[in-house]
Amino acid sequence: MKIFAKETLSWKQLQFIKKNIPAQDFVTWLRGNYDYLMCYHAGRPIDVNSYYVNGFVPADFDKSVKRFEELLRSIPYTRPYDVQHVLDTYKGQTDRFIYFILDKDDFIDGAPHYLIYGSELLLSLAQNVASFIKDYLKTIGIPTIFHCSIPLDQIEDFELKGLHERIRCSSGDLDARLNQIFSNYSIIIEQSVSGTYIVGHDHPTVPLIDYHSYGSYKNNVAFCPVCAPAP
Ligand SMILES: [Zn+2]
Numbered sequence: 061m062k063i064f065a066k067e068t069l070s071w072k073q074l075q076f077i078k079k080n081i082p083a084q085d086f087v088t089w090l091r092g093n094y095d096y097l098m099c100y101h102a103g104r105p106i107d108v109n110s111y112y113v114n115g116f117v118p119a120d121f122d123k124s125v126k127r128f129e130e131l132l133r134s135i136p137y138t139r140p141y142d143v144q145h146v147l148d149t150y151k152g153q154t155d156r157f158i159y160f161i162l163d164k165d166d167f168i169d170g171a172p173h174y175l176i177y178g179s180e181l182l183l184s185l186a187q188n189v190a191s192f193i194k195d196y197l198k199t200i201g202i203p204t205i206f207h208c209s210i211p212l213d214q215i216e217d218f219e220l221k222g223l224h225e226r227i228r229c230s231s232g233d234l235d236a237r238l239n240q241i242f243s244n245y246s247i248i249i250e251q252s253v254s255g256t257y258i259v260g261h262d263h264p265t266v267p268l269i270d271y272h273s274y275g276s277y278k279n280n281v282a283f284c285p286v287c288a289p290a291p
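Mapping of the sequence shown onto the working numbering: residues 61 to 291, in sequence order.
Written out as structure tokens, the structure reads:
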């Protein structure tokens with residue numbers, strides 16, 4: 061079982077691809093030499109274990125709106141609002157696809173809002189109704205990065221193709237190259253992704269920059285019931 065991952069790609073493999081694998085053969089070569097791609101997904105699940113059981117599924121807008129309405133009731137927020145235009149902007153995207161990235165550090169320094177606020181849809185709903193509502197999202201669930209080794213046969217060719225250009229253009233030492241190749245690279249999968257592909261998860265406790273409120277955020281909960289060390 062071979063996993064193509066930022067964490068394990070070696071200098072030797074990199075140079076091999078660069079020298080010997082032309083762009084048009086790359087995906088075939090990748091599929092022939094690796095079985096899985098290491099991918100990451102972040103959010104604020106209330107029940108981490110449910111992801112291991114049910115996997116990742118696209119957003120169900122009716123459920124998301126219901127959850128949002130429950131949040132508004134709990135605050136309580138009672139002024140009239142209309143969020144249809146928010147749902148319209150996400151239609152055909154988060155209700156259809158599941159988004160992964162290849163570099164888990166991106167959730168720390170590039171897109172920390174998934175760990176701070178959870179789902180992007182809920183964050184947008186909150187921002188559109190009243191900006192302060194998003195602060196309540198920071199109290200729901202536990203910030204979590206899921207580590208998934210996804211079988212390459214679940215991933216379309218065009219999602220993988222871009223890696224070759226990244227490898228070809230990469231320069232500097234190994235660390236610099238791995239960052240250039242894997243950072244800010246997303247993989248989009250339609251329908252659903254099995255929970256059996258989750259190989260681990262973590263709950264980052266490093267300080268995060270909160271770009272949505274010009275402040276910072278720090279999670280202090282390092283363990284959930286799934287990963288808690290034995291007493
Ligand atoms: Zn955990």
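C-beta atoms are modelled at their ideal positions from N, C-alpha and C, and glycine is treated no differently.
- Taking 8 angstroms as the cut-off, the Cβ atoms of phenylalanine 86 and lysine 221 count as close.
- Here the distance from the Cβ of phenylalanine 283 to the nearest heavy atom of ligand 1 is below 7 angstroms.
- By the criterion of a C-beta distance shorter than 7 angstroms, glycine 178 is surrounded in its chain by Gly103, Arg104, Leu197, Ile200, Gly201, once the five residues flanking it on both sides are discounted.
- Around the beta-carbon of threonine 204, 16 or more other beta-carbon atoms lie within 10 Å, marking it buried.
- Serine 209 places its beta carbon less than 8 angstroms from that of tyrosine 257.
- A straight-line Cα-Cα distance of about 26 angstroms links alanine 171 and aspartate 122.
- Comparing C-alpha distances from glutamate 180 to each of Val281, Val125, Ile81 shows the shortest one belongs to Val125.
- DSSP places aspartate 270 outside any alpha helix (DSSP H); the residue lies instead in the beta strand (DSSP E), whose first and last residues are 268 to 270.
- In the three-state reduction of the DSSP assignment, isoleucine 241 falls in the helix class.
- When secondary structure is reduced to three states using DSSP, serine 273 falls in the coil class, being assigned neither helix nor strand.
- For leucine 97, the enclosing beta strand (DSSP E) stretches over residues 96 to 103.
- DSSP places serine 209 within a strand segment (E or B) once states are collapsed to three.
- For serine 110, the uninterrupted alpha helix (DSSP H) segment begins and ends at 108 to 114.
- Three or more beta-carbon pairs drawn from the segment 239 to 253 and the segment 150 to 161 are found closer than 8 angstroms, and the two stretches are therefore classed as touching.
- For aspartate 262, the secondary structure class from DSSP, reduced to helix, strand or coil, is strand.
- Relative to ligand 1, even the nearest heavy atom lies 7 angstroms or more away from the CB of histidine 101.
- Annotation: the continuous alpha helix (DSSP H) that includes phenylalanine 167 extends over 166 to 169.
- The three-state reading of DSSP puts glutamate 250 in strand, counting E and B together.
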